[in-house]
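Asker:
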Amino acid sequence: MTPRVRFDRVTKRYRLGSERGNVWGLRGAGHASTGRLVTVLDEVTFELHDGDRFAIVGPNGAGKSTLLRLIAHITAPSSGRVRTTGRIAAMLELGAAFHPDLTGQDNVYFAGSLIGVSRRELDRRYDEIVEFAGLERFMGTPVKRYSSGMAARLGFSVAMSVDADILIIDEALGVGDQDFRDRSAARIEERAAEGATIVLVTHNLTLARSLAHRALHLEAGRVVAVGAAGDILDRYEASAPGPVGAADFVATAPGTLHVDRERVECGGGFTTSAELEVPPGLHGRFLLRVRDHEGNVVGEYPSWPEADRPIDPGPTLVTASVQWFPLVAGQYHLELGVDLREALDPMAASSIEVVGDAGSPAARALIAEMRDHAIRSQVLWEVTPG
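Residues 64 to 449 (my numbering) are what the sequence shown spells out, left to right.
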């Protein structure tokens, strides 16, 4: 049987300091641009067949997202061969293909066309896409007024409308409420039963165990093990220095993100800041990313709309003031970095605790407002070159 996906001794390298590289320098942290080559994936070999449900696990920076981009042919290997057959649907940055000024309805057709879905096919599946996303009331609203979760739900629903042979999923199931996550997982299982090959990256090992029957463990770009999902995930969890989740990102970020308080009331605000050393030649935007305790992305806040804007090099003080934080009680991890579209490398990280009774009338009202109105947490950015 011809493999649906085949990696044959695949190596991927990036040059530090290049415009498209994953580059961050924190002042005093020794991460300034050097121009040297960094190996992100090293001699990776595996095969996938029809109906495989394949999880890729490993710590932050192991090369997981780069591996997915190679499968999707978004980037090319430095050496070795990547072979795929059939139609590919890649859910790597949910909602990233949306135009902020277009309505949800217009963006279904806009984003669908970018991933190869014909207008006739989108016409036929439009009602199903909207119903699955649960956004019937907001399809006439510009996407720029959507919360990050709403945009991600619509992005997932559009991506799942493709009759793809290979489904590539990078943290996509970390969006939405538990009901949406459950329905998404069920939809993925349906597609696998129909013969689609599923490739999943997630820090949620419970989700990986429920969806995958094979897994690959990556460390520093090298394959540690590949085989039955239960065995691979058990060994990976046992080898991790602590619980696998948001703490994994805190440990691997090169610098500290300063937060003006350790705790915030549900619906309250706070301010973050970091001193950065920006290498020359970068195009992108600053991004504040929020993860829950399991590592699921629950919010992303860009500094400006343009995804390829030139960023001034040199010492830079970056401040992000979150006006209100619409999340229920729990521990959350914060990452600040540059979104280069190729990847986000967190170079400053911290944590914050949201306090308050999730079942209180105030918290329930907040959650209802998030669900019933197209709003996003307002973040005020200040970027000051040094």
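Cβ coordinates follow ideal geometry from the N, Cα and C atoms, glycine included.
#1: In terms of DSSP beta bridges, what is glycine 131 paired with?
#2: Have a look at Val120, Phe349 and Val145 and flag the residue whose alpha-carbon is nearest the alpha-carbon of isoleucine 295.
#3: Does the beta-carbon of glycine 258 have 16 or more other beta-carbons within 10 angstroms, so that it is buried, or is it exposed?
#4: With a threshold of 7 Å, establish whether the CB of arginine 187 neighbours any heavy atom of the ligand HEM.
#5: Just the C-alpha distance for aspartate 371 and glycine 284, rounded to the nearest angstrom, thanks.
#6: Using DSSP with H/G/I as helix, E/B as strand and the rest coil, what is serine 453?
#7: So, at 6 Å on beta carbons, what are the nonlocal neighbours of glycine 175 in its own chain, with the 5 sequence-adjacent residues on each side left out?
#8: Where does the unbroken alpha helix (DSSP H) through arginine 298 begin, and where does it stop?
#9: Buried or exposed for glutamate 416, going by 16 or more other Cβ atoms inside 10 Å?
#10: Which residue's Cα is closest to the Cα of alanine 255: His266, Arg244, Asp245 and Leu274?
#11: At the level of alpha carbons, what is the spacing between arginine 244 and arginine 99?
#12: Which same chain residues end up closer than 8 Å to alanine 152 when comparing Cβ atoms and leaving out the 5 residues on each side of it in sequence?
#13: Along the chain, where does the alpha helix (DSSP H) containing glutamate 194 start, and where does it finish?
#14: Using DSSP bridges, identify the partner residues of arginine 254.
#15: Verify whether the separation of the beta carbon atoms of isoleucine 134 and valine 262 is less than 8 Å.
#16: Thinking C-beta only, is valine 264 closer than 8 Å to phenylalanine 333?
#17: How about the stretch 98-115 and the stretch 64-74: do they share at least three Cβ pairs that are nearer than 8 Å?
#18: Would you mind sorting leucine 339 into buried or exposed? The rule is 16 or more other CB atoms within 10 Å of its CB.
#19: How about valine 322 and phenylalanine 349: do their beta carbons lie closer than 8 Å?
#20: With DSSP collapsed to three states, give me the class of glutamate 106.
#21: Thinking C-alpha only, which one of Arg324, Val361, Pro342 and Gly344 is nearest serine 413?
#22: Is alanine 288 closer than 8 Å to arginine 298 when the C-beta atoms are compared?
#23: Distance, Cα to Cα, valine 73 vs isoleucine 137?
#24: Let's see if you can read the secondary structure: which residues bound the alpha helix (DSSP H) around glycine 165?
Answerer: Taking the definition as stated:
#1: Within the sequence shown, the letter at position 68 stands for residue 131. According to the sequence as given, residue 131 is leucine; it is not glycine. Beta-bridge pairing links leucine 131 to no other residue.
#2: Stepping through the sequence shown from its first residue, residue 295 is reached at position 232. Comparing alpha carbon positions, the residue from Val120, Phe349 and Val145 closest to isoleucine 295 is Val120.
#3: Within the sequence shown, the letter at position 195 stands for residue 258. Only exposed fits glycine 258, as fewer than 16 other CB atoms lie within 10 angstroms of its CB.
#4: Because no ligand of any kind appears in the structure shown, any question about the ligand HEM cannot be addressed here.
#5: On the sequence shown, residue 371 is found 308 positions in, with the first residue counted as 1. On the sequence shown, residue 284 is found 221 positions in, with the first residue counted as 1. Taking the straight line from one Cα to the other gives about 27 Å.
#6: This structure cannot settle anything about residue 453, because the visible part of the chain is limited to 64 through 449.
#7: The count along the sequence shown starts at 1 and reaches residue 175 at position 112. Excluding its 5 nearest sequence neighbours in each direction, glycine 175 has C-beta neighbours in its own chain below 6 Å: Leu185 and Val221, listed in chain order.
#8: Start at 1 with the first residue of the sequence shown, and residue 298 comes out as number 235. Element bounds for arginine 298: 292-302.
#9: By 1-based counting over the sequence shown, the position of residue 416 is 353. Its Cβ having fewer than 16 others within 10 Å, glutamate 416 is exposed.
#10: Against the sequence shown, residue 255 aligns to sequence position 192. Closest option to alanine 255, Cα to Cα, is Leu274.
#11: Counting from one through the sequence shown, the residue named residue 244 turns up at place 181. Counting from one through the sequence shown, the residue named residue 99 turns up at place 36. Distance between the alpha carbons of arginine 244 and arginine 99 is about 41 Å.
#12: In the sequence shown, the residue the question calls residue 152 occupies position 89. Around alanine 152: Ile178, Ala222, Met223, Val225, Ala227, Ile229, Leu230 and Ile231.
#13: On the sequence shown, position 131 is the one that residue 194 refers to. From DSSP, the alpha helix (DSSP H) with glutamate 194 extends over 182-196.
#14: Position 191 of the sequence shown, counted from the first residue, corresponds to residue 254. Among the bridge pairs identified by DSSP, arginine 254 is matched with none.
#15: Residue numbering aside, residue 134 sits at position 71 when the sequence shown is read from its first letter. Residue numbering aside, residue 262 sits at position 199 when the sequence shown is read from its first letter. Yes.
#16: Here residue 333 corresponds to residue number 270 of the sequence shown, with the count starting at 1. Here residue 264 corresponds to residue number 201 of the sequence shown, with the count starting at 1. Contact flag unset, no.
#17: Cβ pair count under 8 Å is three or more, so yes.
#18: Sequence index remark: in the sequence shown, residue 339 carries index 276 (1-based). Buried: at least 16 other Cβ atoms inside 10 Å.
#19: For the purposes of this step, residue 322 is taken as residue 259 along the sequence shown, with counting starting at 1. For the purposes of this step, residue 349 is taken as residue 286 along the sequence shown, with counting starting at 1. Result no, Cβ atoms of valine 322 and phenylalanine 349 do not sit closer than 8 Å.
#20: Along the sequence shown, read from residue 1 onward, the residue named residue 106 stands at position 43. If DSSP states are grouped into helix, strand and coil, glutamate 106 belongs with the strands.
#21: Here the question's residue 413 lines up with position 350 in the sequence shown. The option with the nearest alpha carbon to serine 413 is Arg324.
#22: Mapped onto the sequence shown, residue 298 falls at position 235. Mapped onto the sequence shown, residue 288 falls at position 225. For arginine 298 and alanine 288, yes; Cβs fall inside 8 Å.
#23: As a working mapping, residue 73 is identified with position 10 in the sequence shown. As a working mapping, residue 137 is identified with position 74 in the sequence shown. Computed Cα separation, rounded: 15 Å.
#24: Mapped onto the sequence shown, residue 165 falls at position 102. Checking the sequence shown, residue 165 turns out to be leucine, not glycine. Neither: leucine 165 is in no alpha helix (DSSP H) and is coded neither H nor E.
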